[in-house]
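*Asks:* Taking our numbering, the leading residue of the sequence shown gets 4, the next gets one more, and so forth. For each residue, glycine too, the CB sits at the ideal point set by N, CA and C. Right, I'll just put the structure down here and ask away after.
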Amino acid sequence: MYRLPILPGYFFIVINKEDYKSVWQSVLSNLSQRIKHSDFLTWFPQSAIIDLKEANLIIGTSTSFRYETLQRQYREVVLVEVQKVVPGIKEITFEIDGSLHEKDERVVSLKKLMPEEKKKQESGEIELIEGITTKILNPKYTLDNFVVGPDNQLAHAAAVAVSRKPGEAYNPLFVYGGVGLGKTHLLQAVGNEIHKRSNRRKIIYATSERFTNEVIEAIRSRKTEKLREKYRQVDVLMIDDIQFLANKEQTQVEFFHTFNTLYESKKQIIISSDRPPKDLDSLEPRLRSRFEWGMMVDIGFPDFETRVAILQTKCQEKEIIIASDVLSFIASNVTESVRELEGVLNQAIALYELKHITPTVKNVAPMVKKLHPKTALVGTGEDSGKKVISTVDDIVVEVAGHYKLLPEDIMGESRRADISLARQISMYIAKRYFKMTHQFIGEQIGKRQHTTAMHACEKIERELEKDRQLKRDINALLHDMGVI
Ligand code: ADP
Ligand code: MG
Numbered sequence: 004m005y006r007l008p009i010l011p012g013y014f015f016i017v018i019n020k021e022d023y024k025s026v027w028q029s030v031l032s033n034l035s036q037r038i039k040h041s042d043f044l045t046w047f048p049q050s051a052i053i054d055l056k057e058a059n060l061i062i063g064t065s066t067s068f069r070y071e072t073l074q075r076q077y078r079e080v081v082l083v084e085v086q087k088v089v090p091g092i093k094e095i096t097f098e099i100d101g102s103l104h105e106k107d108e109r110v111v112s113l114k115k116l117m118p119e120e121k122k123k124q125e126s127g128e129i130e131l132i133e134g135i136t137t138k139i140l141n142p143k144y145t146l147d148n149f150v151v152g153p154d155n156q157l158a159h160a161a162a163v164a165v166s167r168k169p170g171e172a173y174n175p176l177f178v179y180g181g182v183g184l185g186k187t188h189l190l191q192a193v194g195n196e197i198h199k200r201s202n203r204r205k206i207i208y209a210t211s212e213r214f215t216n217e218v219i220e221a222i223r224s225r226k227t228e229k230l231r232e233k234y235r236q237v238d239v240l241m242i243d244d245i246q247f248l249a250n251k252e253q254t255q256v257e258f259f260h261t262f263n264t265l266y267e268s269k270k271q272i273i274i275s276s277d278r279p280p281k282d283l284d285s286l287e288p289r290l291r292s293r294f295e296w297g298m299m300v301d302i303g304f305p306d307f308e309t310r311v312a313i314l315q316t317k318c319q320e321k322e323i324i325i326a327s328d329v330l331s332f333i334a335s336n337v338t339e340s341v342r343e344l345e346g347v348l349n350q351a352i353a354l355y356e357l358k359h360i361t362p363t364v365k366n367v368a369p370m371v372k373k374l375h376p377k378t379a380l381v382g383t384g385e386d387s388g389k390k391v392i393s394t395v396d397d398i399v400v401e402v403a404g405h406y407k408l409l410p411e412d413i414m415g416e417s418r419r420a421d422i423s424l425a426r427q428i429s430m431y432i433a434k435r436y437f438k439m440t441h442q443f444i445g446e447q448i449g450k451r452q453h454t455t456a457m458h459a460c461e462k463i464e465r466e467l468e469k470d471r472q473l474k475r476d477i478n479a480l481l482h483d484m485g486v487i
C-alpha cells in the first residue's frame with residue numbers, strides 16, 4: 004500500500020487489489036471486538052472490499068437484506084475501523100454484489116476470525132464420567148442460548164443459581180411446564196454448565212424412562228445394589244419427565260431412597276415434569292411432598308417478543324438470515340410450543356438450503372398451516388387468492404416489493420447498484436417467463452433501447468450460473484409471483 008501526493012495536503016490512496024482481502028480481514032478482526040458477536044455473524048459474512056474510488060472504499064455485501072442494515076447501522080463504525088487500517092480513506096460505500104458468497108476468494112471467513120467459536124462447534128458431544136455416564140449431555144443446550152422472557156425468567160434464574168452452587172442454592176429444583184417449552188434444554192444446560200465449571204463433578208442426566216429401564220434391568224439381573232451405588236455417588240442427578248414414573252411402584256421406591264441419600268449429603272437433584280408435584284396423582288405422596296421441599300418453578304409459553312427472539316437466536320446459531328417479517332409471521336402463528344416454532348424454522352431453512360428458495364411469508368404459510376389446519380393464519384395479507392401478473396408494470400411492482408424499492412426506482416434513471424440489479428431482474432423475468440420482446444421490455448421500463456434489455460437478460464443469466472444466492476432470491480420471487 005502506498006500513497007501518491009496529488010495536491011499538497013491531499014493524498015490519493017492506492018491499495019493494490021491483492022491487498023483488499025488482507026485490509027478487510029484486519030478491519031473485520033477489529034470490528035469483531037466492537038460489535039456484539041451475534042450481530043457480527045449476522046451482518047458481516049459474505050462481505051469484501053470490491054473497489055476503491057479515490058478516497059472512497061467500496062464494500063460489497065451479498066444481499067439487499069444485509070446491505071440495508073450495514074448502510075443504516077454500521078457505516079460509522081466500519082469507517083472508523085477502516086481508517087485505522089487505511090488512514091486516508093474519507094468515505095465508505097456499501098454495494099450489493101450478488102456474486103459474493105462464502106467460497107468467493109475475496110470473502111474473509113468469519114469463522115477463521117473466531118477460533119473459539121469454531122472450536123465450540125466442532126467439539127461435538129461431551130462425555131461426563133467414565134462408567135457413570137448414563138446419558139451424554141448435548142452441548143448445544145446452554146444457559147446462554149436459552150432465551151429469557153417473562154414466562155421462563157424464574158426457571159432460568161433458578162437454573163443459573165443451581166449451576167453456580169449445586170446442592171446449595173435450591174434443592175431439589177423442580178421445573179414443570181408443557182411439552183416443548185424448554186425443560187430438557189434447561190436441565191441439560193445446567194448439566195453442561197456444572198461440567199464446564201468443574202469436570203470432576205459426577206453428573207447423571209436420565210429420562211425417567213431410562214431410569215425405569217435401569218431399575219428393571221437391575222432387578223432382573225439381581226444387581227440392585229450396584230445400581231444404588233451408582234446413583235448414590237453422583238454430585239448432580241437430573242431426572243427428566245418424572246411424570247412417567249407414574250404407576251411404576253418399584254422404580255418409585257428406588258428413586259425415593261436415592262433421593263433421600265443424595266439430599267442428605269447435599270447433592271443436587273433436578274427434576275422436570277409436565278405438571279406441578281401436587282398434580283402428579285399416580286406418584287407416591289411421600290415422593291411428591293419431597294419435590295416440594297426445594298424450589299418449584301414453572302415454564303410458561305413465551306410471549307410474542309420472546310418467540311421472535313428465540314427464532315433469531317436459532318437463525319444466528321445456524322448462521323442463516325431470514326427476513327424479520329417472516330420470523331414475526333412464524334412467531335404470531337405458532338403459539339403452543341417452542342419445539343413447533345423451531346420445527347417451522349427448520350423447514351424454512353430446508354427450503355432455502357435444499358430447494359434454493361428464500362423463505363417468505365407466503366411460502367412459509369403452508370408449513371404453519373399444517374400444524375393447526377383449522378386455525379386461521381394471522382398476517383398473510385390480502386393475497387390468499389393468487390394475483391394475476393400480466394404486464395411489465397405488474398412485474399416491476401413485484402420485483403420492487405421484493406427488494407424493498409419503489410417501482411419508480413426501477414422505472415427511473417438511477418444507477419445505484421441495488422436498483423440496477425432489480426431493473427435487470429425485472430427485464431429478465433419479463434423476457435424469460437412472460438416471453439415479452441426486448442423491444443417491448445425496453446420501452447416499458449423507462450423508455451430504454453432494446454439492447455439495454457438484451458444485455459440485462461444476458462447479464463442475469465450469466466450471474467445465475469455462478470451465484471446461488473441470487474438464484475434462491477429470484478426463485479423465491481418467482482414462487483411468490485405464482486410463476487413457478
Ligand atoms: P421440553 O423438554 O419442555 O418438552 P425442550 O427443552 O425439548 O422442551 O425444548 C424444545 C426445543 O425448543 C428445544 O430445541 C429447545 O432448545 C427450544 N427452546 C425451548 N425454549 C427455549 C428458549 N427459551 N430459548 C431457546 N430455545 C428454547
Ligand atoms: Mg423434554
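Can you tell me whether DSSP reads Val178 as helix, strand or coil?
*Replies:* Strand, per DSSP.
*Asks:* Is it buried or exposed, Pro376, if we count other Cβ atoms within 10 angstroms and call 16 or more buried?
*Replies:* Result: exposed.
*Asks:* Could you give the residue range of the beta strand (DSSP E) that holds Gly63?
*Replies:* Note, Gly63: beta strand (DSSP E), 59 to 64.
*Asks:* Using the beta-carbon count (16 or more within 10 Å), is Asp470 buried or exposed?
*Replies:* Buried, by the Cβ-count rule.
*Asks:* May I ask you to report which of helix, strand or coil DSSP gives Thr454?
*Replies:* Three-state result, Thr454: helix.
*Asks:* What's the gap between the Cα of Gln28 and the Cα of Phe214?
*Replies:* Between Gln28 and Phe214, the C-alpha separation is close to 51 Å.
*Asks:* Would the stretch 424 to 435 and the stretch 82 to 96 be scored as touching if the rule is three or more Cβ pairs under 8 Å?
*Replies:* Contact between the stretch 424 to 435 and the stretch 82 to 96 is absent, because fewer than three Cβ pairs lie under 8 Å.
*Asks:* Indicate whether the contact test is met: 3 or more Cβ pairs, each with one atom in the stretch 318 to 328 and one in the stretch 290 to 308, closer than 8 Å.
*Replies:* With a cut-off of 8 Å, the stretch 290 to 308 and the stretch 318 to 328 do not count as touching, because too few Cβ pairs lie within range.
*Asks:* Compare the beta carbon distance of Ala527 and Leu146 with 8 Å and say whether it is the shorter of the two.
*Replies:* This structure cannot speak to residue 527, because the chain is shown only from 4 to 487.
*Asks:* Can we count Asp412 as close to ligand 2, meaning its CB is less than 7 Å from some heavy atom?
*Replies:* Checking every heavy atom of ligand 2 against the Cβ of Asp412, none is found closer than 7 Å.
*Asks:* Starting from Ile302, trace the beta strand (DSSP E) both ways and give me its first and last residue.
*Replies:* 298 to 302 is the span of the beta strand (DSSP E), which, as asked, contains Ile302.
*Asks:* Write down the C-beta distance between Val300 and Leu190 rounded to the nearest angstrom, noting that I regard them as a contact closer than 8 Å.
*Replies:* At roughly 12 Å, the Cβ-Cβ gap does not stay under 8 Å, so Val300 and Leu190 are not in contact.
*Asks:* Taking the alpha-carbon positions, what's the Ile413 to Arg426 distance?
*Replies:* So the alpha carbons of these two residues sit roughly 5 Å apart.
*Asks:* Can you tell me whether Ser275 is helix, strand or coil according to DSSP?
*Replies:* Correct three-state label for Ser275: strand.
*Asks:* Does DSSP classify Asp286 as helix, strand or coil?
*Replies:* The question names Asp, but residue 286 in the sequence shown is Leu. The answer is coil: DSSP assigns Leu286 none of H, G, I, E or B.
*Asks:* Please confirm whether Leu480 and Val402 have their CB atoms less than 8 Å apart.
*Replies:* Their beta carbons are under 8 Å apart, which means Leu480 touches Val402 by this criterion.
*Asks:* Report all residues for which the CB-ligand distance to some heavy atom of ligand 2 is below 7 Å; order them along the chain.
*Replies:* The answer, residue by residue, is Lys186, Thr187, Asp243, Asp244, Ser275.
*Asks:* Thinking C-alpha only, which one of Gln447, Ala209, Gly382, Ala420 is nearest Val237?
*Replies:* Of the listed residues, the one whose Cα sits closest to Val237 is Ala209.
*Asks:* Considering Cα atoms alone, identify which of Trp296, His159, Val371 is closest to Phe149.
*Replies:* The residue with the shortest Cα to Cα distance from Phe149 is His159.
*Asks:* Report buried or exposed for Ala353, applying the criterion of at least 16 other Cβ atoms within 10 angstroms of its Cβ.
*Replies:* Its Cβ having fewer than 16 others within 10 Å, Ala353 is exposed.
*Asks:* Keeping to the same chain, check which residues put their C-beta closer than 6 Å to that of Met298; ignore five residues upstream and five downstream.
*Replies:* Once the five neighbours on either side are set aside, the close Cβ partners of Met298 are Ala161, Tyr173, Leu176.
*Asks:* What's the C-alpha gap between Lys474 and Lys233?
*Replies:* Cα-Cα distance, rounded: 57 Å.
*Asks:* Could you tell me which of Lys143, Val178, Gly170, Leu140 sits nearest to Asp154, measuring between CA atoms?
*Replies:* Checking every option, the nearest Cα to that of Asp154 belongs to Val178.
*Asks:* Taking the beta strand (DSSP E) that Glu217 falls in, what are its first and last residues?
*Replies:* Premise fails: Glu217 lies in the alpha helix (DSSP H), 211 to 223, not in any beta strand (DSSP E).
*Asks:* What does a CB cutoff of less than 6 Å around Asn33 pick up in its chain, not counting 5 residues either side in sequence?
*Replies:* Result list for Asn33: Glu84, in chain order.
*Asks:* What residues match up with Phe97 in a beta bridge as DSSP calls it?
*Replies:* In DSSP, Phe97 forms a bridge with Ile62.
*Asks:* What's the gap between the Cα of Lys281 and the Cα of Glu267?
*Replies:* If you take the alpha carbons of Lys281 and Glu267, they lie about 23 Å apart.
*Asks:* At the level of alpha carbons, what is the spacing between Ala249 and Asn216?
*Replies:* Computed Cα separation, rounded: 14 Å.
*Asks:* If we ignore side chains and look at the alpha-carbon of each, how far apart do Gly194 and Ile206 end up?
*Replies:* If you take the alpha carbons of Gly194 and Ile206, they lie about 7 Å apart.
*Asks:* Suppose the cutoff is 7 Å on Cβ atoms and the five residues either side in sequence are ignored; what does the same chain contact list for Thr363 look like?
*Replies:* If we look at Thr363 and ignore the five residues flanking it on each side, its Cβ neighbours are Val329, Ala479, Asp483.
*Asks:* Going by the C-beta, is Arg342 closer than 7 Å to any heavy atom of ligand 1?
*Replies:* Yes; taking the cut-off as 7 Å, the Cβ of Arg342 has a heavy atom of ligand 1 nearer than that.
*Asks:* Excluding the five sequence neighbours on either side, which residues of its own chain have a C-beta within less than 8 Å of the C-beta of Asn59, listed in chain order?
*Replies:* Counting only Cβ-Cβ distances below 8 Å, and skipping sequence neighbours, we find Ile92, Lys93, Glu94, Ile95, Thr96.
*Asks:* Determine the closest residue to Ser112 out of Gly303, Ala368, Ser50, with distance taken between C-alpha atoms.
*Replies:* Closest by alpha carbon: Ser50.
*Asks:* Based on Cα-Cα distance, which residue from Glu220, Gly303, Ser285 lies nearest to Val182?
*Replies:* The shortest Cα separation from Val182 among Glu220, Gly303, Ser285 belongs to Gly303.
*Asks:* What does Tyr208 pair with, by DSSP beta-bridge criteria?
*Replies:* Note: Tyr208 sits in a beta bridge opposite Met241.
*Asks:* What does a CB cutoff of less than 8 Å around His359 pick up in its chain, not counting 5 residues either side in sequence?
*Replies:* Excluding positions up to five away in sequence, the list reads Arg471, Lys474, Arg475, Asn478.
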